[in-house]
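Read through the structure below, which is laid out as structure tokens, and then see the notes.
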Amino acid sequence: MSANAVRTLWLPVNAESIAKAARVLEAGGLVAFPTETVYGLGARADDSRAVKRIFEAKGRPLGNPLIVHVRGIAEARALCRSWPEEARRLAEAFWPGPLTLVVACRQEVIAPEVRAGQDTVALRMPAHPAARALLDACAFPIAAPSANRSASISPTSAEHVLKSLSGRIDMVLDGGRTGYGIESAIVDVTRSPVVLLRQGALTQMDLARVVDVVDCSSHAVKEDESRAAPGLMDRHYAPEAITIVLPSNQIKFEVERRIAQNERIGVVAYSDAFRFHWPDVRVEMLPGRADAYAAELYAALHRLDDAHCDSIVIEAVPDGLEWAAVRDRLRRAGAPKPEP
Ligand code: TXA
Ligand code: MG
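Residues in the sequence shown are numbered from 1050 upward in steps of one, following our numbering.
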């Protein structure tokens, strides 16, 4: 542990702990709290020193901007230079909830480190009662990335937060397991049609009911490189173990090949074919529905990391837009580790 280690308080969510958390944030401290997607690591968004502590605690590159959590549409509008028609429609349909809107930033209130050099800012109004109570107890917006070390698996419980950030943050508010279990969808509303920058707890179909939306991997958007999403690193949401995603019919071969090399193996699967006992292999069976699968995925990966698996073999998930966010996380989890 580093010399400037702090003692991390672990408190259940209640009126007293929320009030205490608000005081810690007000004084420039770091508080992890539950949202309906994953746990966030909060600092006051109007204080450069507090925001810099988030980057230090996570080991996050300074070029990767943070999401600012707000109390509602009025506060969001006050933080941005323009509030396009698409923003109005999306916020009315999905806030409070797992949707983040990237808007043109009015720069007086938000600390520049939050934006990481962008002239935009990402805003979200969370639905989780603890997150809302915390915001209500504060007089400032809260910048909060997911509460994990940079590039590793996001936390869906307070235990996950402590595993990676204990001794580096002031407090975690324990509200049990989060509901969606996967991060918010991020939509850039400064462009028209709006651009889905990150697949997430809301699907592209959900969004398309309200606005015209294109995915950032679409050709037209890729061409416009100056506006590419910052910070969406290729290897992300990644366990410590080597992670391989394979079609169902290649899982058995790959697992047996690795067992022969004396590796400790974990498997993440959803097909009934894998519902059998495999000696010495830890199998995490997940639900076959996209939203239920997403809710369980990170916890399963955390368990396999805790079991010190050398490699995790993951059954590829079905095609189809409802699986897009899960496919994106699996692709990033399986991306090669950067050279040290
Ligand atoms: O569900 C969530 O969104 C969770 C909870 C805690 O709210 N937060 C979260 O934050 O996932 P984080 O920092 O792990 O992911 C935020 C993503 C990053 O990929 C970042 O690059 C992108 O949002 N982002 C932030 N500000 C941006 C901006 N101005 N323009 C484009 N992308 C931005
Ligand atoms: Mg994150």
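Just so you know, even glycine gets a beta-carbon here, dropped at the ideal spot from N, CA and C.
Selection from the options that minimises the alpha carbon distance to residue i
i     : options                    : result
A1384 : I1067, G1249, I1363, A1193 : I1363
R1164 : S1201, K1069, G1112        : G1112
A1287 : K1301, V1236, H1351, D1329 : H1351
Y1342 : F1325, E1065, A1365, S1360 : A1365
E1232 : A1374, V1080, R1056        : A1374
A1136 : E1124, A1123, L1150        : L1150
S1195 : R1247, I1116, A1127        : I1116
S1320 : R1378, V1332, N1311, Q1167 : V1332
L1139 : A1127, M1254, N1311        : M1254
V1260 : P1242, R1247, L1246        : P1242
C1129 : C1358, Y1088, V1158        : V1158
R1072 : D1185, D1283, A1125        : D1185
V1304 : V1330, H1326, G1077        : V1330
R1313 : R1378, I1291, L1295, R1380 : I1291
D1283 : I1300, R1247, V1317        : R1247
A1076 : V1100, L1060, W1059        : V1100
E1124 : R1173, I1308, P1328, R1307 : R1173
V1080 : A1207, R1240, P1110        : A1207
N1004 : A1106, V1317, P1328        : Given a span of 1050 to 1389 for the chain in the structure shown, any question on residue 1004 remains unanswerable.
P1145 : L1074, A1234, W1059        : A1234
R1240 : V1152, A1309, I1308, H1285 : V1152
H1285 : R1378, W1059, L1346        : R1378
Classification of residue i by the beta-carbon crowding that lies within 10 angstroms, buried from 16 upward
i     : result
F1082 : buried
G1216 : exposed
D1355 : exposed
A1382 : buried
G1315 : buried
M1220 : buried
F1143 : buried
G1369 : exposed
Q1156 : exposed
A1322 : exposed
S1203 : buried
G1089 : buried
S1201 : buried
F1104 : buried
S1131 : exposed
F1127 : The sequence shown places Ala at residue 1127, rather than the Phe named in the question. When all chains shown are included, A1127 counts as exposed.
G1306 : The sequence given here places Arg at residue 1306; Gly does not occur at that position. Exposed: under 16 other Cβ atoms inside 10 Å.
Length of the line joining the Cα atoms of residue i and residue j
i     : j     : result
D1340 : T1205 : 14 Å
S1297 : R1376 : 14 Å
A1344 : R1098 : 34 Å
H1427 : R1338 : What the structure shows of the chain is the stretch from 1050 to 1389, and residue 1427 is not part of that stretch, so it cannot be assessed.
C1187 : K1069 : 11 Å
P1161 : L1214 : 24 Å
A1192 : E1141 : 22 Å
S1266 : V1170 : 21 Å
R1324 : E1065 : 45 Å
S1275 : A1092 : Confidence is the limiting factor: at S1275 the pLDDT is only 49, short of 50, which leaves the residue's position unreliable and the question unanswerable from this model.
R1258 : V1055 : 46 Å
A1106 : L1074 : 15 Å
P1110 : H1326 : 42 Å
D1359 : I1293 : 11 Å
D1096 : P1336 : 42 Å
Cβ-based neighbour list, residue i, same chain, cut-off 7 Å, excluding 5 preceding and 5 following
i     : result
T1084 : P1175, H1177, A1180, T1227
S1133 : As written in the sequence, residue 1133 is Pro, which differs from the Ser given in the question. Closer than 7 Å at Cβ, skipping near neighbours: V1238.
A1182 : I1067
Y1229 : E1085, T1086, P1147, A1250, A1343, A1344
R1102 : L1079, A1092
L1353 : P1288, A1290, G1315, R1331, E1333, I1361
G1121 : M1174
W1372 : A1339, V1366
Residues of its chain near residue i, where Cβ-Cβ distance is below 6 Å and the 5 sequence neighbours each way are ignored
i     : result
H1209 : H1351
F1302 : none
G1224 : V1062, P1083, A1179
D1264 : L1245
P1190 : A1094, V1117, V1119
Q1299 : none
V1317 : E1333, A1349, I1363
Cβ-heavy atom distance, residue i to the ligand SAH, below 8 Å
i     : result
L1079 : The ligand SAH is absent from the structure shown, which contains only the ligand TXA and the ligand MG.
Own chain partners of residue i with C-beta closer than 8 Å, once the 5 adjacent residues on each side are dropped
i     : result
A1108 : The question names Ala, but residue 1108 is Gly in the sequence shown. Result list for G1108: R1198, S1199, in chain order.
V1262 : V1236, P1242, V1243, V1244, L1245, Q1253, L1256
T1429 : Outside the displayed span of the chain (1050 to 1389) sits residue 1429, for which this structure offers no information.
L1295 : E1303, V1362, I1363, E1364, A1365
A1309 : none
Task: Sequence ranges, alpha helix (DSSP H) only - wholly within the region 1231 to 1316, length at least 4 - done: As far as the region 1231 to 1316 is concerned, its whole alpha helix (DSSP H) runs of at least 4 residues are 1253 to 1257, 1268 to 1272, 1297 to 1309.
Task: Continuous beta strand (DSSP E) assignments of at least 3 residues falling wholly in the region 1055 to 1106 - done: Scanning the region 1055 to 1106 for uninterrupted beta strand (DSSP E) segments of 3 residues or longer gives 1058 to 1061, 1080 to 1082, 1089 to 1093, listed from N- to C-terminal end.
Task: Segments of 3+ residues assigned as beta strand (DSSP E) that fall wholly inside the region 1311 to 1385 - done: 1314 to 1318, 1330 to 1334, 1360 to 1364
Task: Residue ranges of each beta strand (DSSP E) within the region 1161 to 1240, 3 or longer - done: 1169 to 1173, 1220 to 1223, 1234 to 1237
- [ ] Taking only runs that begin and end inside the region 1106 to 1150, name each unbroken alpha helix (DSSP H) of 4 or more residues, in chain order.
- [x] Taken in chain order, the complete alpha helix (DSSP H) segments of 4 residues or longer contained in the region 1106 to 1150 are 1122 to 1128, 1134 to 1143.
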